[in-house]
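K.L.:
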Amino acid sequence: QAHEMTPAYPKLEQSFVEGVLQTQVKLFNRRSDINYYEITVFDNQWEPMLFAIESNIVRIDYLKKKTIEIYLRSEDAGKAGWICTKSKITKGEATSVVSSRICSKIKSE
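Shown next as structure tokens:
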């Protein structure tokens with residue numbers, strides 16, 4: 001069982017700051033063995049993009065949800081392709097733990 005992220009196709013909208021777009025994703029942790037997730041934004045060629053977020057590593061306890069606000073420059077809107085989350089294995093966890101990554105496609109206008 002992996003973690004979940006919704007929506008599958010997040011839409012970028014104007015934020016309260018001119019020249020900055022925002023979107024929200026909700027993460028749900030279905031993994032009892034993982035509590036941390038890394039957030040990354042990729043362009044359409046799967047290259048990492050600059051973005052703003054409260055913290056790119058977020059803690060989400062087992063069976064809990066968290067809403068994540070993601071901000072991008074308006075000039076980068078056409079390049080943004082994917083928002084991905086990857087489970088982070090902390091030091092001291094069993095070596096048999098498997099990391100999971102899921103992605104949502106950014107809805108283009």
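Note that my numbering numbers the sequence shown so that position 7 is 7, with each residue one more than the last.
Note that the Cβ used here is the ideal one computed from N, Cα and C, for glycine as well.
1. Report the CB separation of residue 24 from residue 60 in whole angstroms; it is logged as a contact under 8 angstroms.
2. For residue 2 versus residue 31, is the C-beta spacing smaller than 8 angstroms?
3. Under the rule that 16 or more other beta-carbon atoms within 10 Å means buried, what is residue 90, buried or exposed?
4. Would you kindly check if the distance between the Cβ of residue 66 and the Cβ of residue 44 is under 8 angstroms?
5. Taking the C-alpha atoms as reference points, what is the distance between residue 64 and residue 4?
6. Would a C-beta distance cut-off of 8 angstroms place residue 11 and residue 88 closer than the cut-off?
7. Taking the straight line between their C-alpha atoms, what separation do you get for residue 42 and residue 98?
8. Kindly examine the ligand NAP and report whether one of its heavy atoms sits closer than 7 angstroms to the Cβ of residue 84.
9. Measure the C-alpha to C-alpha separation of residue 46 and residue 82 and round it to an integer number of angstroms.
P.N.:
From the atom records:
1. So it is not a contact: roughly 15 angstroms between Cβ atoms.
2. yes
3. exposed
4. no
5. 11 angstroms
6. no
7. 22 angstroms
8. With respect to small molecules bound, the structure shown includes none, and the ligand NAP cannot be examined in it.
9. 8 angstroms
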